[in-house]
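Here's the structure we're looking at; comments come further down.
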Amino acid sequence: MMKRFFNIYKDNNYIKINLLFFKLTIKNNKYIIKKLENEINNYKERNYSILKEIKEFVSKYNLHTNKIIFFDTDIEISKYIINYFPNSKIIKGDFHFNILNNNINDIIDILTAKIIVTSSESSIFNYLFEDQILINIWHASGAFKRFGKHSKSYNNTKVNKNHYVITSSEKIIPFYAEAFELPKDNIIPLGQIRTDIFFNKIYLEELKKNFFNKYPNLRNKKIYLYVPTFREKNNNIISFFNFDLFKLSRLMNKDEVFLYKLHPAVINIIDSNNTNTITNLKEINNNILDMSNEDIMSLLVVSDVILTDYSSAFMEGLLLNKPCVFTSNDIDEYERGFYINYRKDLPGEIVESNKAKTLLTSLRKASINHKNYEKFKEYHLGSCDGHSIERVVNFIKTFIDNN
């Protein structure tokens, strides 16, 4: 059943690997269907061994190239710098990148590329060759929530001397080095590339103009932006907000609006289930609105106050001098943990009550403590100065020039 074999041939230093399967007539044959299900399960278990076989073919026929691959996850890091590398390729993927769910030619491209640029982690990186360059422009700014080796869900990714991570500040290098199990010299503080737009006043005005042209009813409103962190399902519901949304909607003035943007991973779950009832957030009365499909950078620009629980999205809002409020009524149960002292170090008020009136009061009076803001920004975002893209592009090009 499901017998596979490789048809291998070499043509101009390129190998084509075809996974072929015998066709089965399964109509009205439960036995064959059951056998097929068992074979598929076995096939999944053999995924990693098959990847190793592919890697052996790549090595045997010396198929390494000078290609640059942008491995894009939910965070599309490529859109900021791909124009500087016209001959590169974008491959969409996630942590569970494997031969069942992804194009085998993409896998071969990754294993034969000279440079892979990403913003997250993926199991496919375990199969890179020692001389391949992996540059991770980490998707989160600063050192806020624990990740990598420091998280409970850590799945060890094999690293090598050619694995580099780009960070938003020099002062957070020790956290990243330990989290990725890399030498400190491999953590490069070049800044977060998507923050460059915050230093371009003309571009910021263009973002505002486009947003309010699309949502004219939000002009002249005080905008509270809620950006929650990713959370797992609990009884088939992803719970974010421990406040009475209907009461919050009733309490807000006509010139106030509450926008929320879900984490990209949650949006994927919603899309895959084809329903928006998975979360406890909902649009209400035209003053609580779902902006999950809008770009986070545009939302940060137009917002007046940023509200979050444990999302690092607020970090970039600091570069725009946006007041921040933090809601953390489950902080004692939050399993990820933090690199900072949550109650002492955050640059904004923490609301631990679950009363809508209390939250709204905090949002209305939110302000900037310049001393705390500047100290926090310098520590976590010290390399974000509007020139991060230039530095990152030059860093990538050094590996091309040294070929």
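So the working numbering is basically just the index in the sequence shown, starting at one, shifted up by 1410. Heads up, the beta-carbon is just placed ideally off N, CA and C, and yes, glycines get one too.
Can you tell which of the options has the C-alpha that lies nearest to the C-alpha of residue i?
i: Ile1870; options: Asn1546, Arg1753, Ala1553; result: Since the displayed the chain opens at 1411 and closes at 1813, residue 1870 lies outside it and no answer follows.
i: Gly1558; options: Asn1572, Ser1532, Leu1544; result: Ser1532
i: Ala1776; options: Tyr1634, Ala1723, Pro1626, Ile1706; result: Tyr1634
i: Ser1764; options: Leu1658, His1797, His1780, Leu1728; result: The sequence given here places Asn at residue 1764; Ser does not occur at that position. Nearest C-alpha to Asn1764: Leu1658.
i: Asn1695; options: Phe1656, Pro1757, Asp1719, Leu1728; result: Phe1656
i: Asn1630; options: Val1712, Ile1698, Ala1723; result: Val1712
i: Ile1526; options: Ile1514, Ala1550, Ile1487; result: Ile1487
i: Val1468; options: Gln1542, Lys1499, Asp1665, Leu1592; result: Gln1542
i: Glu1591; options: Thr1605, Ile1607, Asp1606, Tyr1574; result: Tyr1574
i: Asn1546; options: Pro1496, Tyr1537, Asn1572, Phe1668; result: Asn1572
i: Ser1498; options: Phe1609, Ile1479, Ser1722; result: Ile1479
i: Leu1791; options: Glu1615, Leu1473, Lys1624, Phe1724; result: Phe1724
Spatial neighbours of residue i within its chain, please: C-beta separation below 7 Å, excluding the five flanking residues on both sides.
i: Tyr1670; result: Tyr1636, Leu1691, Asp1700, Met1701
i: Ile1491; result: Ile1603, Ile1799, Val1802, Val1803
i: Thr1475; result: Thr1522, Ala1523, Lys1524
i: Lys1767; result: Leu1661
i: Phe1805; result: Ile1598, Leu1600
i: Ile1741; result: Tyr1752
May I have the straight-line CA-CA distance separating residue i from residue j, to the nearest angstrom?
i: Phe1507; j: Leu1461; result: 11 Å
i: Glu1463; j: Asp1714; result: 54 Å
i: Ile1760; j: Ser1579; result: 25 Å
i: Ser1529; j: Lys1502; result: 12 Å
i: Trp1548; j: Leu1730; result: 21 Å
i: Lys1754; j: Leu1617; result: 34 Å
i: Asn1627; j: Asp1705; result: 18 Å
i: Ile1810; j: Lys1465; result: 23 Å
i: Phe1539; j: Tyr1494; result: 25 Å
i: Tyr1789; j: Thr1639; result: 22 Å
i: Tyr1471; j: Ile1518; result: 12 Å
Report whether the distance from the Cβ of residue i to the nearest heavy atom of the ligand ADP is below 7 Å.
i: Lys1499; result: Absent from the structure shown: the ligand ADP. Ligands present: none.
Which term fits residue i, buried or exposed, when burial requires 16 or more other beta carbons within 10 angstroms of its beta carbon?
i: Thr1808; result: exposed
i: Lys1555; result: buried
i: Glu1726; result: buried
i: Asn1620; result: exposed
i: Asp1482; result: buried
i: Lys1732; result: buried
i: Ser1459; result: exposed
For residue i, collect the residues of the same chain with a Cβ closer than 6 Å to its Cβ; drop the 5 residues on either side in sequence, then sort them by chain order.
i: Tyr1749; result: Ala1553, Phe1585
i: Ala1587; result: Lys1594, Ile1597
i: Ser1708; result: Leu1617, Phe1621
i: Phe1786; result: Pro1757
i: Asp1504; result: Thr1483
Excluding the 5 residues flanking residue i on each side, which residues of the same chain have their C-beta closer than 8 Å to its C-beta?
i: Ser1738; result: Asp1719, Tyr1720, Tyr1744, Tyr1752, Ile1760, Val1761, Glu1762
At what residue ranges does the stretch 1606-1668 contain a whole run of the alpha helix (DSSP H), taking only runs of 4 or more?
1611-1624, 1655-1661
Enumerated in chain order, which unbroken segments of the beta strand (DSSP E) with a length of 3 residues or greater are wholly contained in the stretch 1472-1538?
1478-1482, 1499-1502, 1525-1528
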